[in-house]
Structures are given as structure tokens and as C-alpha cells.
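2 protein chains.
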Amino acid sequence: MPEPRWLTPAQMHAWRGYRRMRALLDLQITRDLAADSGLSDADYDVLSSVSEAPGGRLRLGELAAGMRWSVSRVSHHVSRMEQRGLVARDDCASDGRGATVVLTDAGWRTIRDAATHHVASVREHFIDLLDADDIAALGRIAEKVVGHLSEVTAPTPARRGR
Amino acid sequence: MPEPRWLTPAQMHAWRGYRRMRALLDLQITRDLAADSGLSDADYDVLSSVSEAPGGRLRLGELAAGMRWSVSRVSHHVSRMEQRGLVARDDCASDGRGATVVLTDAGWRTIRDAATHHVASVREHFIDLLDADDIAALGRIAEKVVGHLSEVTAPTPARRGR
DNA sequence: CCACCTTTGTTGACATGTCAAGCAGATCGT
DNA sequence: ACGATCTGCTTGACATGTCAACAAAGGTGG
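Sequence order for the protein chains is A and B.
This note's numbering puts the first residue of the first sequence at 1, with every later residue one more than the last.
This note's numbering puts the first residue of the second sequence at 1001, with every later residue one more than the last.
This is the structure:
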């Protein structure tokens, strides 16, 4: 086993900071979302994905791919949201197996209302704490990391993992 | 309801990038950890927290506070890790109610081994993709956000939430 | 047209997280 | 010293996520 290259103090600081930020930020955003709109993060992501899709409808598989969820997870989650009256399943015209997800009226109302609160929450606990340089740096960092991981985790599994 | 201040394009880019990075990075780190060491993120955090504690022992509540977990979650998780032989519960000398968590020999071996792989994984998918400026910026950003959220989510509930 | 394999979703069993109730030892006021 | 309350942890019921098995429709080659 090769001796690992441990992180430098600055790197350690950045990594631990990222981890802690991630934990606290998620917790707060989740809380606000639940308190303001009665939605979980997952609910919000589903509603917002479907609402932004052309025609306000999405195949289950596409929804799963866009959110990087397993199809099974989407199916379970959509079933629960269906029972709460936020979304509905609709048969797909061009493919008998397919199911498309659409928002109900209540779903549209919910996401429009939730978005307002959500953006305020994101601003208060994240965006508005950062200056223009921070925002630019964060965008740059995310691009690098997402670019790398999109290759590694590519849908076409040439070779995967590390 | 006040008209929300929507995010500027740069802010939206940063926010979406952060969310996507967070999702992909977590997924990859989790995968590597499972493949290399047979541990979940949660397992790793518990082992590393306890191993770094003075005397290699931690009260359940302290472990929970340090990781921002509920006590109940720690209790459940420790029970499962106990069954796998990674940690053990030990009675607390000074408080009859207390339970302290300690690593077993297997637990020590596991964390020492896992740390090596883990740091390599973190480097490959995150740290080594970033230059010194990025690292500095990330540390700075995390400090701001964590500083803010530590107040909002303070253990002493003066006032909470948004 | 039909056997066969692929694609798309659904389902059930199980792992993990959350919440509220419960229990036993510690602490406090008298 | 003793009852009331508090604290630290455990437990059970339930919500959510994962994995693998299954079902049904689509596509393909004979």
C-alpha cells in the first residue's frame, strides 16, 4: 500500500469546511422548505423539474436521469406525491410502457408558492453571504468538479470508478 | 406576498453548480468508500470522530453534537456498527446513564486502512482538481456560510429559523 | 407472425433516518 | 432524605432510499 499524500492544512481546511457547510446548509434549506411549503427537498426537485420541462410533462426515466436518481426511487416518490395530490401519472402516447408525470393544479400552485420562499431561503443562508468574487469562484469550482465527475460517472460506462 | 428577488444569472450558475457538485461528489465519495473499505459515509464519520477523540472514546451525546446528528440516530447507528464488530459501547464511569463509544481492534484497523483510500478518493475527485486560489476561495466561502449557520442553528435556541 | 431480447416501470424486502414515547440515573428544593 | 424534574440514552413506529426480481410493451431476425 502506497503511503498516502495527506492533505495540506489549507486543503484540509477547505475540505472540512465544505463538508460542514454542506451538512448545515442542507439542514437549513430542508427545514425552511418544510416549514414554508410543507415540501421535502426531493418534493421540491421533482415539482421544479417537471414544471420546467417542455409541456410540463416528463417521462419517469427522464426525470430520473435529470435528477440522478434511480428509476425506482422516482417511481416510489411519485407514488407518494400522487397520493398527496401534487402530481399525476399520465399514459405516454408514443410508448405503451411509458408513464409521464404531470403536475396537478395543486402542484402548480404549490411550486409557484414554494419557489418564492425557497429563493429567499437560499439567499439568506447562502447567496447573500457571498460577494461577487465568491460567486464567481464557486461557479468555477463547481464547473471543474462537475465536469470531472460527469466523465467518471458517465451514462456510457466505458470504465468507471477510480 | 412580496415579489421575490430572483437570482442573477451568475448567482444561479453558482447555486445550481453547487447543488450538482454536491450530488455527484457525494455519490462518488460514497461509492469509493463502500468499494474500498465496505463503509458508508456515516460509518466513516463515526469511526473517524471516535478515533480522533481524546482517549479514543466519546459519549454518545458528544458524538451526536459533533456530527450534527440526532442522539437517536447515533444510537441506532452505533448499534448496527456494534453488531458488525467495529465499535463497542462502554459504561461511563462518571455517569450511570451514559454510554461511551470506543473502537474495537477491528474498528481501528478499518479506519486506518479506510483513511488512506479515502484521502486518495477526495483528492482525485475534488481537491486535486482545484488550484490554490480555488482552495482558498472555498475555505473562505465555507467559513462565511458555516459562521452564519452556526448562529442561526445555535445550540442555545435564542431565536431560530428564518 | 413469432420467439427472443431490450427497454421501461413497478413492486417488495430490506437498510437507514426521523420523531415521539419511555426508562433509569442525576440533580434540585425543601 | 425524598419526591419532582431533568438529562442521556434506547426503543418502536413510520418515512424514505436501495437493490433485485418481475411484468409488460417495443424492437428484431427468421
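Each residue gets a CB set at the ideal place from its N, CA and C atoms; glycine is no exception.
Assigned secondary structure, residue i (DSSP; H/G/I helix, E/B strand, else coil)
i               : result
R68 of chain A  : coil
L7 of chain A   : coil
R89 of chain A  : strand
T104 of chain A : coil
R162 of chain A : Residue confidence for R162 of chain A is low, a pLDDT of 38 falling below 50, so the modelled location carries little weight and cannot support an answer.
P157 of chain A : At P157 of chain A the pLDDT is 39, less than 50, meaning the model places this residue with poor confidence; the figure from the coordinates comes in the next sentence. In this structure, P157 of chain A counts as coil in the three-state DSSP scheme.
Per-residue burial, residue i [other beta carbons within 10 Å of its own, 16 or more giving buried]
i                : result
S79 of chain A   : exposed
Q28 of chain A   : buried
W1006 of chain B : exposed
T110 of chain A  : buried
Q83 of chain A   : exposed
G1017 of chain B : buried
A142 of chain A  : buried
V71 of chain A   : exposed
A1014 of chain B : buried
H76 of chain A   : exposed
A64 of chain A   : buried
D32 of chain A   : buried
G85 of chain A   : exposed
G96 of chain A   : exposed
D1043 of chain B : buried
G61 of chain A   : exposed
G1139 of chain B : buried
Whole-Å CB distance - residue i paired with residue j, under 8 Å assumed
i                : j                : result
S37 of chain A   : A114 of chain A  : 4 Å
D90 of chain A   : T104 of chain A  : About 11 Å separates the two Cβ atoms, so there is no contact after all.
H148 of chain A  : H1125 of chain B : 7 Å
M1012 of chain B : V145 of chain A  : With a Cβ gap of about 18 Å, M1012 of chain B and V145 of chain A do not count as contacting.
L1039 of chain B : S1049 of chain B : Their Cβ separation, rounded to whole angstroms, is 13 Å, which puts L1039 of chain B and S1049 of chain B out of contact at 8 Å.
P172 of chain A  : A1120 of chain B : Nothing can be reported for residue 172 of chain A, as the shown portion of chain A is limited to 1 through 162.
V1087 of chain B : G1107 of chain B : 5 Å
D41 of chain A   : T30 of chain A   : 5 Å
Review point. Going along the chain, which unbroken runs of the beta strand (DSSP E) with 3 or more residues stay wholly within the segment 1015 to 1067 of chain B?
Key: 1057 to 1059
Point to revise | Proximal residues, the segment 15 to 33 of chain A versus chain B, C-beta separation under 9 Å | key: W15, R16, G17, Y18, R19, R20, M21, R22, A23, L24, L25, D26, L27, Q28, R31 and D32
Review point. Listed in chain order, which residues of the segment 1094 to 1111 of chain B have Cβ atoms closer than 9 Å to some Cβ of chain A?
Key: none
Practice item. Could you name the residues of the segment 41 to 59 of chain A whose beta carbon sits closer than 8 Å to any beta carbon of chain B, in the order they occur along the chain? Key: none
Review point. For the segment 1135 to 1155 of chain B, which residues have a CB atom closer than 9 Å to at least one CB atom of chain A, in sequence order?
Key: I1135, A1136, A1137, L1138, G1139, R1140, I1141, A1142, E1143, K1144, V1145, V1146, G1147, H1148, L1149, S1150, V1152 and T1153
Exercise for review: Please list the segments of the alpha helix (DSSP H) lying wholly inside the segment 129 to 155 of chain A, counting only runs of 4 or more residues, in order along the chain.
Suggested key: 132 to 152
Exercise for review: Closer than 9 Å, Cβ to Cβ, to anything on chain A: give me those residues from the segment 1060 to 1083 of chain B, in chain order.
Suggested key: M1067 and R1068
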